[in-house]
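Novice: So that we are looking at the same thing, I have put the structure below in structure tokens.
Number of protein chains: 2
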Amino acid sequence: MRFTSQRLDDGIRERAFALGDIPGLLWTPETTPAPAPLILLGHPGGLHRMYPRVAARARHAVAEGFAAATIELPGGGDRPRCPTTEQARADLLRAPAAEEPVDEIVDRLVLPLVDQAVPEWRAALDALLSLPEIGGPVGYSGGVIAIGLRLARVEPRIAAALLFAGSFVPRAMFEEARQVTIPLQVLLQWDDEGNDRQMALDLFDAFGSQEKTLHANMGGHTGVPPFEGDAANRFFARHLPRAQPTGRGH
Amino acid sequence: MRFTSQRLDDGIRERAFALGDIPGLLWTPETTPAPAPLILLGHPGGLHRMYPRVAARARHAVAEGFAAATIELPGGGDRPRCPTTEQARADLLRAPAAEEPVDEIVDRLVLPLVDQAVPEWRAALDALLSLPEIGGPVGYSGGVIAIGLRLARVEPRIAAALLFAGSFVPRAMFEEARQVTIPLQVLLQWDDEGNDRQMALDLFDAFGSQEKTLHANMGGHTGVPPFEGDAANRFFARHLPRAQPTGRGH
């Protein structure tokens, strides 16, 4: 991982980095008395386009003492497009008009994305946790929910996840959801145009976690109310305890 | 309203009162620099039996600067039983085994209770708001959800409600729910034995409020996780702003 730029703004350090050819962003408090717990910020791909919303979430988390980081998704932003993914995306857009079933298209779109993205996020985690200012434990926050789901299942360093129920989940991954046991908070936009409400409720039901909370709010995909930022911080504060500052000479 | 006893414990004043022949409880901070916003605490009836849970919710709210109050329900505790309600309650207990439809029994059980209880809560509100240490605005928190629903619809002094989706709601009241417009937070216990999950989701959908949030948690009827106490306080802190302390001589 190499840092490519940084800026300081209002007590928050934002650094752009490259992990091989994957671009990423890291936000930390300007001063870190002890290694900060880390929140990985998920998004639907296209970091430049998503920057305002992702950065706002990051700054909200850093204000509460967390570090926050994200990387570009496979095929997102300036990363090379994958022809089969692009085909699936086009098919999915056409499917409602053609009244075609979408399950098979969702499989073609999401499963390869999850298979490629999850090892990249784990590699980013290796690099980020090697920085002295970041200590863990680690949370995942956001969409793509299928990526968060897979990470929650396979990556033991992730202690809690806040998932946005706002994107398609392949049916095969409902079985994976039963194997997730970490604490979850699931956000559902009740009137999300692009999201099947019943599927989201079924997925929430499927998760194996003993502590899981659904927060359903009114409005469409991008209408998550601001108070959910506070609720997210409180969820992570419960599950990502900060390391105690070590005294000098220890 | 006349106070019948009081005790002070850990900075919180708990007073028992009688409103006519209806017993009630009021919790306030020991000292109130300004009139406190009030939270009415709903419960299923039987204040003595419910005391530990209601008092815990009250103390949690008072610790954040709210006043909290509750009254006994019609037919609850030492109040006279109503024969038709008792009959409906008995019928409801028998209904699952007999595979009888419960809608008509729920109507007989809940509608008269709501019709009798709501004017009593409004009378309690008149009395409580006349105390100098209580200022409003007012929130309603808890079950019986049908009582909270009716209060939210008819009582303009109630500015926000946190409702427990844990008891039966007559179908006729779904139409009333569409007329509720105040901010709502609805708690749903996902595995509540005595509660129909789909009915709770339908009721949440029916409320007319622009700001409404569903918090669904794992576990049965009495298993609401402790962190929902904090979430409740934050919800009410957003919607029940405290009056500014008035300076001397004003």
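Residue numbers (the numbering used here), protein chains in the order written: chain A, 844 to 1093; chain B, 844 to 1093.
The beta-carbon is built from N, C-alpha and C at its ideal position, and this holds for glycine as well.
1) Residue 903 of chain B: beta carbon under 8 Å from a heavy atom of the ligand MG?
2) Mind checking whether residue 878 of chain A and residue 979 of chain A have CB atoms under 9 Å apart?
3) Out of A:853, A:851, A:858, which has the shortest C-alpha to C-alpha gap to residue 845 of chain A?
4) How would you label residue 1074 of chain A, buried or exposed, when you count the other beta carbons within 10 angstroms and need 16 or more for buried?
5) How about residue 1068 of chain A: is its C-beta nearer than 9 Å to some C-beta of chain B?
6) Below 8 Å, can you find three or more Cβ-Cβ pairs linking the stretch 980-993 of chain A to the stretch 951-964 of chain A?
7) If I measure Cβ to Cβ from residue 1038 of chain A and keep anything under 6 Å in the same chain, skipping five residues before and after, which residues do I get?
8) Is residue 1017 of chain A helix, strand or coil by DSSP?
9) DSSP three-state call for residue 905 of chain A: helix, strand or coil?
10) Does residue 1079 of chain B have its Cβ less than 9 Å from a Cβ in chain A?
11) Tell me where the beta strand (DSSP E) around residue 987 of chain A begins and ends.
12) Using CA coordinates, which residue listed in B:940, B:884, B:1047 is at the minimum distance from residue 1001 of chain B?
13) Let me know the secondary structure DSSP gives residue 1056 of chain B once reduced to three states.
14) List, in chain order, every chain A residue whose beta-carbon is nearer than 9 Å to that of residue 852 of chain B.
15) Does the stretch 1075-1083 of chain A come close enough to the stretch 927-941 of chain B that 3 or more CB-CB pairs lie under 8 Å?
16) If you reduce the DSSP assignment to three classes, tell me which class residue 852 of chain A lands in.
17) Could you name the residues that DSSP lists as bridge partners for residue 1032 of chain A?
18) Please compile the residues from chain A whose C-beta is within a distance smaller than 8 Å of the C-beta of residue 891 of chain B.
19) For residue 888 of chain A, collect the residues of the same chain with a Cβ closer than 6 Å to its Cβ; drop the 5 residues on either side in sequence, then sort them by chain order.
20) Starting from the C-beta of residue 922 of chain B, find all residues in its chain whose C-beta is less than 6 Å away, skip the five residues before and the five after it, and write them out in chain order.
21) Give a yes or no on contact between the stretch 939-947 of chain B and the stretch 898-916 of chain B, applying the rule of three or more CB pairs nearer than 8 Å.
22) Can you confirm whether the stretch 1043-1053 of chain B touches the stretch 1065-1073 of chain B when touching is taken to mean that 3 or more C-beta pairs between the two stretches lie within less than 8 Å?
23) Are the Cβ atoms of residue 1060 of chain B and residue 1028 of chain B separated by less than 9 Å?
24) Ignoring anything shorter than 3 residues, give me the beta strand (DSSP E) runs that lie fully in the stretch 854-924 of chain A, in order along the chain.
25) Have a look at residue 1016 of chain B and residue 992 of chain B and give me their C-alpha separation to the nearest angstrom.
26) Since I believe residue 872 of chain A is in contact with residue 854 of chain A (beta carbons under 8 Å), could you give me their beta-carbon distance rounded to a whole number of angstroms?
27) Determine, using beta carbons only, whether residue 904 of chain B and residue 882 of chain B come nearer to each other than 9 Å.
28) Looking only at its chain, what residues have a beta carbon closer than 8 Å to the beta carbon of residue 924 of chain B, apart from the 5 residues adjacent to it on each side?
29) Just checking my contact of residue 1021 of chain B with residue 1051 of chain B at CB under 8 Å: how many whole Å lie between their CB atoms?
30) Measure the Cβ-Cβ separation of residue 869 of chain B and residue 860 of chain B and say whether it is below 9 Å.
31) Report yes if the C-beta distance between residue 1023 of chain A and residue 996 of chain A is below 9 Å; otherwise report no.
32) For residue 927 of chain B, which option in B:950, B:1007, B:910 has the closest C-alpha, if you only look at C-alpha atoms?
33) Closest to residue 900 of chain A by C-alpha separation, out of A:983, A:1034, A:1040, A:973, would be which residue?
34) What distance in whole Å lies between the Cβ atoms of residue 1003 of chain B and residue 1083 of chain B, which are believed to be in contact at a cut-off of 8 Å?
35) Quick check: what's the CA-CA separation for residue 856 of chain A versus residue 909 of chain A?
36) Got a sec: which bits of the stretch 1045-1059 of chain B sit with their beta carbon under 9 Å from any beta carbon on chain A, in order along the chain?
Specialist: In short, the structure shows the following:
1) Because no ligand of any kind appears in the structure shown, any question about the ligand MG cannot be addressed here.
2) yes
3) A:858
4) buried
5) yes
6) Contact holds: three or more Cβ-Cβ distances are below 8 Å.
7) 1009
8) In this structure, DSSP gives residue 1017 of chain A a helical state, which the three-state scheme calls helix.
9) helix
10) no
11) Bounds of any beta strand (DSSP E) do not take in residue 987 of chain A, whose DSSP letter is neither H nor E.
12) B:884
13) strand
14) Within 9 Å Cβ-Cβ: nothing; residue 852 of chain B doesn't reach chain A, min ~27 Å.
15) no
16) strand
17) DSSP lists A:1060 as partners of residue 1032 of chain A.
18) Neighbours of residue 891 of chain B in chain A, taken as residues at a C-beta separation under 8 Å, are lacking, since the least C-beta distance is about 31 Å.
19) 916, 919
20) 915
21) no
22) no
23) no
24) The qualifying runs are 855-862, 865-872, 879-884, 910-914.
25) 8 Å
26) 7 Å
27) yes
28) Counting only Cβ-Cβ distances below 8 Å, and skipping sequence neighbours, we find 918.
29) 5 Å
30) yes
31) yes
32) B:950
33) Here the closest residue by C-alpha is A:983.
34) 6 Å
35) In a straight line, the C-alpha of residue 856 of chain A is about 12 Å away from that of residue 909 of chain A.
36) Result list: 1047, 1048, 1052, 1053, 1054, 1055, 1056, 1057, 1058, 1059.
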